[in-house]
């Protein structure tokens, strides 16, 4: 009886080497490092666009309110006057906004409505991503374009 040893020739079909796996992981890491900031940037940009659209809707609702009641709401009444009938309002055909969350900006803060007593105009705006006056880029204040 003879014993034969059989040797198998490596053909490279056995699997991936550690180096190959590390290269693939490094490439995936680079792709994620490039993609994540862009996705976050798109999300922040979409919040700014959403705020601009909502401000335009609130601005239009304020116009309807003025047509019905003859004047814009006072600063004390604020934007809630677009959702709930103010005390003493005779001809209120509201609500002028569909939902109460329409007066909340995309950063979960209320839109700001400023109107001096006796003034014919108002200022309607959001403080932006940083929640503070001023700022630049995505942190800049977003002001309604249709100021009266």
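Residue numbers (the numbering used here): 669 to 816.
Backbone N, C-alpha and C define an ideal beta-carbon position, used for all residues, glycine too.
In terms of residue numbering, what span does the beta strand (DSSP E) encompassing residue i cover?
i	result
residue 794	791–794
residue 788	From DSSP, residue 788 is part of no beta strand (DSSP E); its letter is neither H nor E.
Across which residues does DSSP place residue i in a beta bridge pair?
i	result
residue 748	Answer is none; residue 748 lacks a bridge partner.
residue 778	772
residue 810	794
Comparing alpha-carbon positions, which option in the options lies nearest residue i?
i	options	result
residue 754	733, 766, 770	733
residue 808	746, 787, 706, 715	715
residue 748	724, 778, 735	778
residue 766	726, 735, 746	726
If I'm right that residue i touches residue j with Cβ under 8 Å, what's the distance once you round it to whole angstroms?
i	j	result
residue 810	residue 793	6 Å
residue 728	residue 750	With 8 Å as the limit, residue 728 and residue 750 do not qualify as a contact, their Cβ atoms being about 10 Å apart.
residue 737	residue 768	About 20 Å separates the two Cβ atoms, so there is no contact after all.
residue 690	residue 812	The Cβ separation is near 54 Å, so there is no contact.
residue 712	residue 797	6 Å
contact_flag[the segment 717–736, the segment 766–779] where n(CB pairs < 8 Å) is 3 or more
yes
Please confirm if the segment 741–748 is in contact with the segment 778–786, defined as three or more CB-CB distances below 8 Å between the two stretches.
yes
Should the segment 760–768 be regarded as contacting the segment 796–810, the criterion being three or more beta carbon pairs within less than 8 Å?
no
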